[in-house]
Amino acid sequence: MNIGYLSVLLLGIAVILFVIGTLGIAKFAARISGGKAAAVALFPPYAFYFSFYELEEEGKEPAIALWMTGIVVTILMLVAFSGPISMVFQGRAAELDAPSIAETAESEFGGKGSEGDVPPPVPELEVDPNQQVAGTNSGTAANGATNGTNDATNNAGTNNAPATTNNAAATNGAAPAQ
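Counting along the sequence shown from 1, when you hit position 91 you're at 91 in the numbering used here, and nothing is skipped either side.
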């Protein structure tokens, strides 16, 4: 069910609320005179005037609430969803349906597609031959503590950094073991 049909359904419910509320107010107006009942039923501005200025009876609140809810929701639906509602009444409701997976694949990838199709391959990235990868060293120092830094990561931008370092010498300042 698409948005057009849902909008028409909600619009129908709002109109039903409006009619039930109008009949409830017309019932109170019929106790006074038949002319007022006809005016309330056929002319909504008079129903508003009658409801709020002339009607002073117990139990009028539910009828007025239904009538006002129906009016407000009907107006909001017509303003907010006028496009989908008009498409349903013109017989073009199928245009509001979401596209199928095959249609989506065709529009995105330029060919027929289905759920099992593999997307087009990602082009390979060009690698700069002068680019150097910084080495990491996760060894432990002589006292058992881990060494968080080393010369390779500190001097990653320079070409004179050794590929590996002795962690014990780096942390303790002692001469490298041979």
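We treat Cβ as the ideally placed atom computed from N, Cα and C, and that holds for glycine.
Just so we're clear, the structure is a prediction, and the values are computed from it rather than from any experiment.
* To do: May I ask you to report which of helix, strand or coil DSSP gives V72?
  => Per DSSP, reduced to three states, the secondary structure at V72 is helical.
* To do: Compare the Cα-Cα distances from A47 to each of E56, V127 and A26 and report the closest residue.
  => For the residues E56, V127 and A26, the minimum Cα distance to A47 belongs to A26.
* Asked: Which first and last residues belong to the alpha helix (DSSP H) in which S7 is found?
  -> DSSP places S7 inside the alpha helix (DSSP H), whose first and last residues are I3 to I32.
* Asked: When DSSP labels each residue in this structure, what does G113 get in the three-state scheme?
  -> With a pLDDT of 48 at G113, under the threshold of 50, the predicted position of this residue should be treated as unreliable, though the coordinate-derived value follows. Coil.
* Asked: Is the Cβ-Cβ distance between V15 and T74 less than 8 angstroms?
  -> V15 places its beta carbon less than 8 angstroms from that of T74.
* Start-to-end residues for the alpha helix (DSSP H) that takes in A47 -> Per DSSP, the continuous alpha helix (DSSP H) segment holding A47 begins and ends at P44 to Y49.
* Determine the extent of the alpha helix (DSSP H) in which S86 is found, giving its start and end residues. => Taken as a continuous stretch (DSSP letters only), the alpha helix (DSSP H) holding S86 covers S82 to F89.
* Asked: So A29 and F52 are in contact, right, with Cβ under 8 angstroms, and what is the actual spacing, rounded?
  -> With 8 angstroms as the limit, A29 and F52 do not qualify as a contact, their Cβ atoms being about 13 angstroms apart.
* **Cβ shell of A37 (< 6 angstroms), same chain only, five flanking positions each side left out** => For A37, where only same-chain residues beyond five positions count, the Cβ hits under 6 angstroms are A26, A29 and A30.
* Quick one: what's got a C-beta closer than 7 angstroms to I20's C-beta in the same chain, skipping five residues either side? -> For I20, where only same-chain residues beyond five positions count, the Cβ hits under 7 angstroms are L66.
* To do: Quick one: measure Cβ to Cβ for S7 and I85, integer angstroms, because I've assumed they're closer than 8 angstroms.
  => Going by Cβ atoms, the distance from S7 to I85 rounds to 5 angstroms, so yes, they are a contact pair.
* To the nearest angstrom, how far is it from the Cα of F18 to the Cα of E106? -> Roughly 46 angstroms separates the two Cα atoms.
* Asked: DSSP on E56, reduced to helix/strand/coil?
  -> Here E56 sits in coil by DSSP.
* Asked: Do you know offhand how far M77's Cα is from V40's?
  -> Linking M77 to V40 through their CA atoms gives a straight-line distance of about 23 angstroms.
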